[in-house]
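Residues in the sequence shown are numbered from 1 upward in steps of one, following full-length UniProt numbering. Down below is the structure, laid out as structure tokens.
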Amino acid sequence: MYKESFLMAWASLIANKMRSILTMLGIIIGVAAVIALVSIGNGVKQQVSDSISSLGSNLLMVMPGAPRTPGVRPTASSQRSLKEGDYKAIAKLDGVAAASPFTSNSYVAIYQSNNWTTTVSGVSPSLQTINNLTMKDGRFITEKNVQNRERVAVVGSTIVKNLFGNEDPVGKDIRVKNIPFKIIGVLESKGNSSMGEDQDDVVYIPYTTAMERVQGVDYLRMVYVSANDDNGINRLQADIENLLRVRHNIKDSNLDDFNIRNMQSIMETMQQTTSTLTLFLGAVAAISLVVGGIGIMNIMLVSVTERTREIGIRKALGATYNVIVTQFLIEAVVISLMGGIIGIIFGIGASQLISKFSGMSTVLSIPTIFLSFGFSIAIGLVFGVYPARKAARLNPIDALHYE
1 MYKESFLMAW ASLIANKMRS ILTMLGIIIG VAAVIALVSI GNGVKQQVSD SISSLGSNLL
61 MVMPGAPRTP GVRPTASSQR SLKEGDYKAI AKLDGVAAAS PFTSNSYVAI YQSNNWTTTV
121 SGVSPSLQTI NNLTMKDGRF ITEKNVQNRE RVAVVGSTIV KNLFGNEDPV GKDIRVKNIP
181 FKIIGVLESK GNSSMGEDQD DVVYIPYTTA MERVQGVDYL RMVYVSANDD NGINRLQADI
241 ENLLRVRHNI KDSNLDDFNI RNMQSIMETM QQTTSTLTLF LGAVAAISLV VGGIGIMNIM
301 LVSVTERTRE IGIRKALGAT YNVIVTQFLI EAVVISLMGG IIGIIFGIGA SQLISKFSGM
361 STVLSIPTIF LSFGFSIAIG LVFGVYPARK AARLNPIDAL HYE
């Protein structure tokens, strides 16, 4: 019975090709939209996760200045509250795997007749471990470079490209604020971040040299702190807060002249946000499937009307209520099944094209593909029930007399 019903449904679709294609269109668009939009949402989620993970999920960033609150403008002195002594005290805390001070500004780097505006950052040797920096050539800054306030620099590939071209930069001098810096190493290229920032447009020098010789300041812009493990990061954050309150003689936590960003918390928040966005995009696209289901119900009602005499003949020959219902339900499911398959092909293709032409990362989700396909079949069943029951309830005598 099922085989015969399937063959009859298929014959009906073939006999009315254009109508069948238009009926499937809602399902095709719905399934394709769900797959494409969810893949975009997953791509955004992956980019954010990769960007934060590249810094390390067990990373804390200690910065001067109280957290910004509405109506409160931080004073200039609060932005200078983080000192070298604070960094050294933090580095000695239990649970700290590595710590590096960080102070930076934008300067023009010059080599012979070439110049390039870039970010010059003062750091310690530990930054290489914290930020997973890999050397392409030469070496990174050492503790001796820091202690002796040496004028040495490690540069990214963007600096090499714009100042040196095809020359080997290691051993050569660049000038920053008319101060010569000998290049001791070149970093492996990291490309652009998920925010579009060029991660290779950097010059790293010893933080002591940056503070005294270049910037002329006695405060730090930030301290990067890497925890021994992800589980102890919240405890370490609390220890750093207590330490800085003691060092800065702060008795009320509301008066903190520093703030700490926990990358693990930021990652969790961003993942929750992007997951909600992905769910929203999928839900919006799923509306097209419901519209497609209404189209199926509409065309099945038309089919019942067109085939009233056929139904009457089948009932007169002994077809039961269940046989008629099954026939029309199978026909509705075949329409949604074909629409779902075509929609999957279009959805995967659209996802790949978006990634190729927009540069936006997309990540296909196998569960989403199966879910949208299953939902499309369910839509066919649900919206096919009313027309099928209407057909099965026809009086055979009235149906035979229908013209």
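Idealized CB from N, CA, C, for every residue including glycine. Quantities reported herein were computed from a predicted structural model and do not represent experimental measurements.
Following the continuous alpha helix (DSSP H) through residue i, name the residue where it begins and the one where it ends.
i: MET338; result: 321-358
i: LEU387; result: For the sequence presented, residue 387 should be read as Pro rather than Leu. Note, PRO387: alpha helix (DSSP H), 366-392.
i: ASP86; result: 84-91
i: ARG261; result: Not the alpha helix (DSSP H): ARG261 falls in the beta strand (DSSP E), residues 258-262.
i: VAL155; result: Element bounds for VAL155: not the alpha helix (DSSP H) but the beta strand (DSSP E), 152-155.
i: GLY312; result: 308-316
i: VAL214; result: VAL214 -> no alpha helix (DSSP H), and no H or E assigned at all.
i: THR129; result: 127-130
i: GLU241; result: 233-247
For residue i, which residues in the same chain have their Cβ closer than 6 Å to its Cβ, ignoring the five residues on either side in sequence?
i: VAL217; result: MET211
i: TYR111; result: LEU163, ILE174
i: SER157; result: SER189, ASP200
i: ALA388; result: VAL325, PHE328, LEU329
i: ARG245; result: none
i: ALA285; result: ALA33, VAL34, LEU37
i: LEU93; result: ASP239
If I measure Cβ to Cβ from residue i and keep anything under 8 Å in the same chain, skipping five residues before and after, which residues do I get?
i: SER81; result: PRO64, GLY65, TYR219, HIS248, ASP257, PHE258
i: SER106; result: THR117, THR118, THR119, VAL120
i: ILE260; result: LEU60, MET61, VAL62, MET63, GLN237, ILE240, GLU241
i: LEU13; result: SER20, GLU331, VAL334, ILE335, MET338
i: ALA15; result: none
i: SER253; result: GLU241, ARG245
With residue i and residue j assumed to form a contact (beta carbons below 8 Å), what rounded beta-carbon distance in angstroms separates them?
i: ARG151; j: LYS182; result: 7 Å
i: THR208; j: ARG149; result: 5 Å
i: VAL62; j: VAL225; result: 6 Å
i: GLY340; j: ILE27; result: 6 Å
i: LEU394; j: GLY312; result: 7 Å
i: ILE130; j: VAL154; result: The pair is not a contact, with the Cβ atoms about 14 Å apart (cut-off 8 Å).
i: ALA36; j: ALA350; result: 4 Å
i: GLY380; j: ILE287; result: Not really, about 17 Å apart at Cβ, beyond 8 Å.
i: VAL203; j: ILE159; result: 6 Å
i: LEU289; j: SER376; result: 6 Å
i: ALA378; j: VAL304; result: Not quite, the Cβ-Cβ distance comes to about 21 Å (not below 8 Å), so this is no contact.
i: ALA89; j: LEU243; result: 6 Å
i: SER39; j: LEU364; result: 5 Å
i: GLY95; j: ARG235; result: 7 Å
i: PRO206; j: ASN262; result: About 28 Å; that fails the 8 Å criterion.
DSSP puts residue i in a beta bridge; with which residues?
i: ILE205; result: GLY122
i: ALA227; result: VAL96
i: SER135; result: First, the amino acid is wrong: residue 135 is Met here, not Ser. Looking at the DSSP assignment, MET135 forms a beta bridge with LEU187.
i: GLN61; result: The question names Gln, yet the displayed sequence has Met at residue 61. According to DSSP, MET61 bridges with TYR224, ARG261.
i: LYS182; result: VAL152, ASP173
i: VAL108; result: THR117
i: ASP198; result: ASN192
i: THR103; result: GLY122
The beta strand (DSSP E) spanning residue i covers which residue range?
i: ILE141; result: First-last for ILE141: undefined, no H or E at that position.
i: ASP173; result: 173-176
Output needed for residue i: all residues of its chain with C-beta closer than 7 Å, excluding positions within five of it in sequence on either side, in chain order.
i: SER361; result: GLY43, GLN46, GLN47, SER355
i: GLY71; result: Low confidence applies to GLY71: its pLDDT is 49, below 50, so where it sits in the model is not reliable, and the reading given next is rough at best. Nothing meets the Cβ criterion.
i: SER126; result: ALA98, ALA99, SER100
i: LYS136; result: VAL186, LEU187, GLU188
i: LYS177; result: TYR107, VAL214
i: GLY41; result: THR274, LEU277, THR278, LEU281
i: ASN192; result: ASP198, GLN199
i: THR23; result: GLY295, ILE296, ILE299, ILE335
i: TYR87; result: ALA99, PRO101, LEU220, VAL223
i: PRO169; result: VAL155, VAL160, ILE183, VAL186
i: ALA76; result: Caution is warranted here: a pLDDT of 48 is assigned to ALA76, below 50, making its placement in the model unreliable, and no coordinate value can be reported.
Legend entry - Given 8 Å, three or more beta-carbon pairs between the segment 376-391 and the segment 326-338: yes
Legend entry - the segment 336-347 / the segment 27-47 touching (three or more Cβ pairs under 8 Å): yes
Legend entry - Meets three-Cβ-pair contact criterion under 8 Å: the segment 81-97 and the segment 274-284: no
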